[in-house]
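Participant: Chains as they are written, first to last, in the working numbering: chain R, 7 to 200; chain V, 3 to 873.
From the three backbone atoms N, C-alpha and C, an ideal C-beta is built for every residue, glycine too.
Owing to the predicted nature of the structure, the values given are computational and were not obtained by experimental measurement.
1. Name the chain V residues that come within less than 7 Å of residue 145 of chain R, Cβ to Cβ?
2. Let me check understanding here. Comparing Cα to Cα, which of V:376, V:332, V:803, V:32 lies closest to residue 295 of chain V?
3. Which one or two residues does DSSP pair with residue 170 of chain V in a beta bridge?
4. Residue 16 of chain V: buried (16+ other C-beta within 10 angstroms of its C-beta) or exposed?
5. At a CB-CB cut-off below 9 Å, which residues of chain V make contact with residue 190 of chain R?
6. Any chance the region 530-550 of chain V sits against the region 503-511 of chain V, with 3 or more Cβ pairs inside 8 Å?
7. Shorter than 8 Å from the beta carbon of residue 183 of chain R to some beta carbon of chain V?
8. Determine, for residue 57 of chain V, whether the minimum Cβ-Cβ distance to residues of chain R falls below 8 Å.
9. How many whole angstroms separate the CB atoms of residue 722 of chain V and residue 700 of chain V, which I take to be in contact at a CB cut-off of 8 Å?
10. Compare the C-beta of residue 203 of chain V with all C-beta atoms of chain R and state if any pair is closer than 8 Å.
11. Is it a yes or a no for the region 636-645 of chain V touching the region 689-698 of chain V, going by three-plus beta-carbon pairs under 8 Å?
12. Using a threshold of 8 Å, state whether the C-beta atoms of residue 138 of chain R and residue 175 of chain R are closer than that.
13. How big is the Cα-Cα spacing for residue 704 of chain V and residue 22 of chain V?
14. Measure how close the beta-carbons of residue 806 of chain V and residue 820 of chain V come, nearest whole angstrom, since I'm counting them as under 8 Å.
15. Determine, using beta-carbon pairs with one atom in the region 549-568 of chain V and one in the region 586-596 of chain V, whether at least three such pairs fall under 8 Å.
16. Against chain V, does residue 132 of chain R count as a neighbour if the rule is that its beta carbon must be under 8 Å from one of theirs?
17. Here's a check: name, in chain order, each residue in its chain whose Cβ is nearer than 8 Å to the Cβ of residue 611 of chain V, leaving out the five neighbours to either side.
18. How long is the line joining the alpha carbons of residue 684 of chain V and residue 696 of chain V, rounded to whole angstroms?
19. Using a threshold of 8 Å, state whether the C-beta atoms of residue 205 of chain V and residue 234 of chain V are closer than that.
20. Check residue 329 of chain V in the structure and name its three-state DSSP category.
21. Please return the same chain residues whose Cβ sits closer than 8 Å to the Cβ of residue 179 of chain V, not counting the five positions on each side in sequence.
22. Are residue 326 of chain V and residue 347 of chain V closer than 8 Å when you measure CB to CB?
23. Indicate the three-state DSSP secondary structure (helix, strand or coil) for residue 364 of chain V in the structure shown.
24. Measuring straight from C-alpha to C-alpha, what distance separates residue 862 of chain V and residue 529 of chain V?
25. Could you give the first and the last residue of the continuous beta strand (DSSP E) run that contains residue 221 of chain V?
26. Would you mind telling me which residues of chain V sit closer than 7 Å to residue 86 of chain R, beta carbon to beta carbon, in chain order?
27. Report buried or exposed for residue 457 of chain V, applying the criterion of at least 16 other Cβ atoms within 10 angstroms of its Cβ.
28. What would DSSP say about residue 111 of chain V, mapped onto helix, strand or coil?
29. Drop a sphere of 10 angstroms on the beta-carbon of residue 869 of chain V, count the other beta-carbons inside from all chains shown, and report buried for 16 or more, exposed for fewer.
30. Closer than 8 Å, Cβ to Cβ, to anything on chain R: give me those residues from the region 9-38 of chain V, in chain order.
31. Using a Cβ-Cβ cut-off of 6 Å (strictly less than) and excluding sequence neighbours within five positions of residue 163 of chain V, which residues of its own chain qualify?
32. In chain order, what residues of the same chain have a beta carbon less than 8 Å from the beta carbon of residue 152 of chain R, not counting five sequence neighbours either side?
33. Output the distance between the C-alpha atoms of residue 42 of chain V and residue 56 of chain V, rounded to the nearest integer angstrom.
34. Under 8 Å by Cβ, that's how I've got residue 323 of chain V and residue 362 of chain V pegged, so tell me the actual separation to the nearest angstrom.
35. Strictly by DSSP, which residues pair up with residue 341 of chain V?
36. By the 10 Å Cβ neighbour count, where 16 or more other Cβ atoms means buried, how is residue 4 of chain V classified, buried or exposed?
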């Protein structure tokens, strides 16, 4: 799918910033496609040891899609918010698709390097997190947004504060409490408390 | 839940978080005022506060990307394999994949033309394994198998290369079970197992007679067919015992570890030493152990490769009859774990536990143990001999294994083989680092990054401790250091935000820096590199200490970095910088030792005083230097009985005090301290004869004693001590040509001998030694040895002056010698002034420029006088 012209996206973005919610509907699939492609590229990079910066990725997409001369900082903030939401979708879908994969192994004596498959690292389960986050939104939408922006979008406290139009201190507190809530929620699901 | 209640929960939560965990219960009690539901709600949230700190700190992308990375490579691989199934290779069509080995894959295939009903196994090198030596290995294996025809060895039928140029070979397809599973499934009693085992021995012996060592004998490589015929497989890393085919160090170790199962590996394999037929005997012994008991010879606390490797090299194996009493988890077939109990294990042998124990004890115990002796020469000389001893047992005849009683004590082994253990650690590190760089270069490797990281880090620590005292490992260390730094630097980008990883990383940088340059032990001469490493560590530690608000553990670690940097700066000549760090270090230890006055913290405090003393000394503040040295000595003398390392450092401190005392004219005191130092180090090296460092310090102490004696005028004893030290240092330097400290001391000793001889009037021999010293110092150019050169020139100056002063020589000769003296002193002065200009003139040598100048003046005067006589 060819990259849509920057002009179109910029217009949609401005329209949405101005309050046109239909513009968001049109905007989303366009951005999604680009974001998805960029994410795949990033994730399959052959350069180990480099931390992947989500914001860098979103910036890249932003620069590609938006004529940023025409757009003010508020629009930009909105764009990032959209991207964060889309990233959440992309990554959760990705995680969901991998859930079904089973571990193989023929039980033969494993040589040394294979034996290094010891217990998996406790990385957050994106699918469970996504679901818990949806539930959190039911209790306190702003906190859910903070998590979405910070964790899925990779935005800083400051940027998040700008998007949500609150103080940085508020973002800090929301982030803290949201994490506690999510952890409690997720540990309730698993009997071993992980 | 309504919005208001949620708001209240939120407010209280934040308030509670501000108070910290210890005060929270009381606080909640107060504010909830009986509303139990509210309190429970908040408590349940607060329960997560410890976890919450790091939760979600790594952005989602990273998490996902890592997952993708892990699976991407295996996905690519399965994709390729699917592609192979149904393909033809030579006359065969690939049916299914059987296994994945270190080098490549094994497939089952059937004859495509259906002329024969033959099933074969085709072994193919993995595409992407493009290193030369892997391919070379493969070719070797083909050669090997081509020559082997034995009923218990899987036969080679055919070989070739595919269209893509990958070599393959076709083997007899063995449908069977690994020997341990086969025996357990059929509950074979011991005698039957022994019979099966003997067949395997004959196969191994046959291979040995064809000069092939298998090197990877394990149950998975011994399949037993339905008819009960054992077949030995996978001479995958077999080596032909030819002198030409030897691999260089790193390739060998990578081979050894990538393609080998550590549980069955012999100590010499792990240490990277040459492997012989005895290696196979060892592995056979472990297989036998397992067949008889169901267990492995060593009790392991974990199955980490490092733990296993260490157990094999250092731990005494348990007797089989005792081992069956164990209850432990062990890996079972097909990736499961089994819980082995005495009942289970003996049931698999169709017996009761007590009967099994009685059966195994005695001859069988001894046979097995003899096969798995750590020293190859104490094992059975061949697989055939092992087999014969088993036969003797079966026939009720006396067995060789019991003929001599070895008082085989692991303690003795460990002491004798400390060098071996160190080399083992070295090899394992090379492996880990080698693996890491390989992994980083080749994303196709499906390793769990974190696990390897943990492994490599643990190895880094343990290697340092064991190679610290090993003589002759310098070049190896240099290689490892470089690899380690590459690895650590790349890791540091990932470490941010992860406290434990950061701590590990800092420690790793410290260890590497220690290896790069340590002021006390044989160093590689790279203090600049060490400084860089230490500063990386310091930056991390400072961040950690700030984050933990100066928790004692973090402060302690910070102090060690201050110490290291201080000492390195001293080596580099930045004395002011060193003093500053010494002060910071002392500040921390004063606080820590006061808070917790244990011998260890006292020792560290003494060390801090020492460092500070040294700092002052380097800046020529003799008074302050002595003051701090004395404080240090006082502490160490009081704790020396309870802490061995205090004694060594005490000896060292005496050695630093003495020259200052010499300067102040307190010669007798100086000599006394040097003697104490020598005495202490001699005692320590007698107590620990394998410790190379102690011997070195002792020899250094002899040098400095000689030096003090020389300054005090006792030239004959000085000579004795200098010569004593020289002999030992020459041995050290010749053992490891890259080693720097030893060479320096050789030069210093030669100089000392030279100047002492000159003082005694034997100028000719004195000059000889001085010349040797001089050329050695020149060889060591690039180090901070300006001071040494200056001193040596001065000694030349003195020698020539003496010659010139000798009566009965011609005027020309005397003038020539004065000129030589003058030139030498001038060069000496140049060097001293150069040091002074850098601010690097030490306390001991502070008076030298002035002294040399007056010597030069003397030469000038003498020359003028002689010159005037002519006219």
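Facilitator: Working from what's here:
1. Walking along the first chain from the start, residue 145 of chain R turns up at place 139. Per Cβ cutoff of 7 Å: 3, 8.
2. The residue you call residue 295 of chain V lines up with position 293 of the second chain. Comparing Cα positions, the closest option is V:332.
3. To locate residue 170 of chain V, count along the second chain from 1; it is residue 168. V:126, V:162, per the DSSP bridge assignment.
4. One-based indexing of the second chain puts residue 16 of chain V at position 14. Residue 16 of chain V should be labelled exposed.
5. By one-based count along the first chain, residue 190 of chain R stands at place 184. Here the neighbours are 46, 47, 49, 50.
6. yes
7. To locate residue 183 of chain R, count along the first chain from 1; it is residue 177. Closer than 8 Å to some Cβ of chain V, the Cβ of residue 183 of chain R qualifies, so yes.
8. Counting from 1 along the second chain, the entry for residue 57 of chain V is found at position 55. By this cut-off, residue 57 of chain V is an interface position.
9. Locating residue 722 of chain V in the second chain gives position 720, where the first residue counts as 1. Locating residue 700 of chain V in the second chain gives position 698, where the first residue counts as 1. With 8 Å as the limit, residue 722 of chain V and residue 700 of chain V do not qualify as a contact, their Cβ atoms being about 15 Å apart.
10. Translated into positions along the second chain, residue 203 of chain V becomes position 201. So, not an interface residue.
11. Contact fails: fewer than three Cβ-Cβ distances are below 8 Å.
12. To locate residue 138 of chain R, count along the first chain from 1; it is residue 132. To locate residue 175 of chain R, count along the first chain from 1; it is residue 169. Not a contact, by the Cβ cut-off of 8 Å.
13. Locating residue 704 of chain V in the second chain gives position 702, counting from the first residue. Locating residue 22 of chain V in the second chain gives position 20, counting from the first residue. Roughly 58 Å between the two C-alpha positions.
14. Position 804 of the second chain, counting from 1, holds the residue named residue 806 of chain V. Position 818 of the second chain, counting from 1, holds the residue named residue 820 of chain V. At roughly 5 Å, the Cβ-Cβ gap stays under 8 Å, so residue 806 of chain V and residue 820 of chain V are in contact.
15. Short answer: they touch.
16. Within the first chain, the letter at position 126 stands for residue 132 of chain R. So, interface residue.
17. Indexing the second chain from 1 puts residue 611 of chain V at position 609. Correct list, in chain order: 588, 630, 631, 633, 634, 637.
18. As a position in the second chain, residue 684 of chain V is number 682, starting the count at 1. As a position in the second chain, residue 696 of chain V is number 694, starting the count at 1. Cα-Cα distance, rounded: 8 Å.
19. Residue 205 of chain V sits at position 203 when you count from the first residue of the second chain. Residue 234 of chain V sits at position 232 when you count from the first residue of the second chain. Yes; because the gap between Cβ atoms is below 8 Å, this pair is in contact.
20. One-based indexing of the second chain puts residue 329 of chain V at position 327. Here residue 329 of chain V sits in coil by DSSP.
21. Counting from one through the second chain, the residue named residue 179 of chain V turns up at place 177. Result list for residue 179 of chain V: 187, 225, 226, in chain order.
22. By one-based count along the second chain, residue 326 of chain V stands at place 324. By one-based count along the second chain, residue 347 of chain V stands at place 345. Their beta carbons are under 8 Å apart, which means residue 326 of chain V touches residue 347 of chain V by this criterion.
23. For the purposes of this step, residue 364 of chain V is taken as residue 362 along the second chain, with counting starting at 1. In this structure, residue 364 of chain V counts as coil in the three-state DSSP scheme.
24. Counting from 1 along the second chain, the entry for residue 862 of chain V is found at position 860. Counting from 1 along the second chain, the entry for residue 529 of chain V is found at position 527. Taking the straight line joining both Cα atoms gives about 41 Å.
25. Indexing the second chain from 1 puts residue 221 of chain V at position 219. From DSSP, residue 221 of chain V is part of no beta strand (DSSP E); its letter is neither H nor E.
26. Counting from one through the first chain, the residue named residue 86 of chain R turns up at place 80. By Cβ distance, chain V contributes nothing, its closest Cβ being about 13 Å from residue 86 of chain R, past 7 Å.
27. Reading the second chain from its first residue, position 455 is the one you call residue 457 of chain V. In this prediction, residue 457 of chain V has a pLDDT of 44, which is less than 50 and means its spatial position is unreliable; what the coordinates show is noted afterwards. Residue 457 of chain V should be labelled buried.
28. Here residue 111 of chain V is taken as the residue at index 109 of the second chain, counted from 1. Three-state DSSP puts residue 111 of chain V in a strand.
29. Taking the first residue of the second chain as 1, we reach residue 869 of chain V at position 867. Answer is exposed; the Cβ neighbour count stays below 16.
30. Answer set for the region 9-38 of chain V: 12, 15, 16, 19.
31. For the purposes of this step, residue 163 of chain V is taken as residue 161 along the second chain, with counting starting at 1. So the list reads 169, once near-sequence residues are dropped.
32. Translated into the one-based positions of the first chain, residue 152 of chain R becomes position 146. Cβ neighbours of residue 152 of chain R beyond the five flanking positions: 166, 170, 177, 180, 181, 184.
33. Position 40 of the second chain, counting from 1, holds the residue named residue 42 of chain V. Position 54 of the second chain, counting from 1, holds the residue named residue 56 of chain V. Rounded to the nearest angstrom, the two C-alpha atoms are 24 Å apart.
34. Here residue 323 of chain V corresponds to residue number 321 of the second chain, with the count starting at 1. Here residue 362 of chain V corresponds to residue number 360 of the second chain, with the count starting at 1. Residue 323 of chain V to residue 362 of chain V, Cβ: 4 Å. Contact.
35. Here residue 341 of chain V is taken as the residue at index 339 of the second chain, counted from 1. Answer is V:331.
36. One-based indexing of the second chain puts residue 4 of chain V at position 2. Residue 4 of chain V should be labelled exposed.
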